[in-house]
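Written out below as structure tokens is the structure these notes cover.
Protein chains in written order, with the working numbering: chain D, 212 to 418; chain G, 212 to 418.
This is the structure in structure tokens:
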């Protein structure tokens, strides 16, 4: 059933709304929406942690190359031509109990392994630099068909990432190994993805 | 003299280029360019620190509210309507020797005091949250007419910020007090604004 406003327009929850009206190729729209659920859940979680003063983590704005801006009199500057740029870092960073936190959240529809193509070399490079400086760096891997989230240390990711260019040539991380090396995060209501208790363990084990 | 490309188009250095062609009100252009020199100098400095693996600090992308996107076939998605949003954090954050670093860089043409109107309540709130979590949080105050940069601790800024709403009502920080509480940063070639040695002092003094 479609819920409608009194004016007849259909009601969309935030989760349905991609934040932008789309035109043209439908494929892009589908592609763009993939991952919105995970992003929403992470955003809700970091907002909860901020509001409760537990951790100050923000999502970085989408990097955009601005080409043309109109400055109409008496109204806000309007960007009329811009393009998406590739991010040079991960999406999320911040601070928790004095520790620098840096992570990326990615999802797959696969059921048995996580494809490495979800990551990019520059993100890996950035995560390596942050690990070298002593940050707590990780990825949240979401298997959407299994509804399972895993905390996976960046250090472990690097091994699989680097190996794909060497002997193994394996382009994904088997779920069995993610279960062994990673830590499952049980979804809750608020925060939906409670990753701070996992970080507490990491800090405790000086890992 | 204007240097021109072979096609006759004038050559602009990165410093001249505001990153966007402007239309309409000239005032906005002037206002927008104010502070570009400082931003360039900070960007050059953090890039230098990243390349030399001394600190991993990035400028956050400008937050933009995307309203309309075209997906032309066989070419990149084009944003055709978007608006600037207010940032909910500071512009710069990252990690240095295991410490979370968070700062903002602002400039004034004033010669005797730094106007507090350069900051916004939400930035102050964000900086307070980061200080509470144990981050190294500061502002770089630039007096453009004097060509002087100062490292000024966020904790000190909070006092002046909060006081403006209380008894003092003072809307600026006198330069004399910035000289007393802050630390002058001598400009160099690379990095242009060497702020890491100042942070080293702060770490040493457990400040």
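For every residue, glycine included, the Cβ atom is placed at its ideal position computed from N, Cα and C.
What separation, rounded to the nearest whole angstrom, lies between the Cα atoms of residue 323(D) and residue 387(D)? The straight-line gap from Cα to Cα measures roughly 8 Å.
Who are the near neighbours of residue 396(D) in its chain, counting only those whose CB is closer than 8 Å to its CB and skipping five residues on each side? 351, 360, 361, 362, 404, 405, 406, 409
Is residue 344(G) close to chain D? Criterion is C-beta to C-beta, closer than 8 Å. yes
Do we get a CB-CB distance below 8 Å when we pair residue 272(D) with the residues of chain G? yes
Which runs of the beta strand (DSSP E) spanning at least 3 residues fall entirely within the region 288-335 of chain G, listed in chain order? 289-295, 303-307, 310-319, 324-326
What is the rounded straight-line gap between the Cα of residue 412(D) and the Cα of residue 343(G)? Each residue's Cα considered, the two are about 21 Å apart.
Cα separation between residue 269(D) and residue 311(G)? 14 Å
For residue 376(D) and residue 349(D), which I take to be in contact (beta-carbon distance under 8 Å), what is that distance rounded to the nearest angstrom? Rounded to the nearest angstrom, the Cβ distance from residue 376(D) to residue 349(D) is 22 Å, too far for a contact under 8 Å.
is_contact[residue 340(D), chain G] using C-beta, thresh 8 Å: yes
Which residue marks the beginning of the beta strand (DSSP E) containing residue 270(G), and which one marks its end? 267-270
Test: residue 419(G) CB closer than 8 Å to a CB of chain D: The structure shown does not extend to residue 419(G), since chain G spans only 212 to 418, so no value can be given for it.
Within the region 342-394 of chain G, ranges of the beta strand (DSSP E) (whole runs, at least 3 residues): 347-354, 359-364, 383-385
Can you round the beta-carbon distance between residue 252(D) and residue 271(D) to whole angstroms, since I take them to be within the 8 Å contact cut? Actually they are not in contact, since the Cβ atoms of residue 252(D) and residue 271(D) sit about 17 Å apart, beyond 8 Å.
Please tell me whether residue 330(D) and residue 389(D) are closer than 8 Å, where the distance is taken between their beta carbons. no
Closest to residue 291(G) by C-alpha separation, out of 266(G), 300(G), 333(G), 275(G), would be which residue? 275(G)
Sorted by chain position, which residues of the same chain lie with C-beta nearer than 6 Å to residue 371(G)'s C-beta, five sequence neighbours on each side aside? 384
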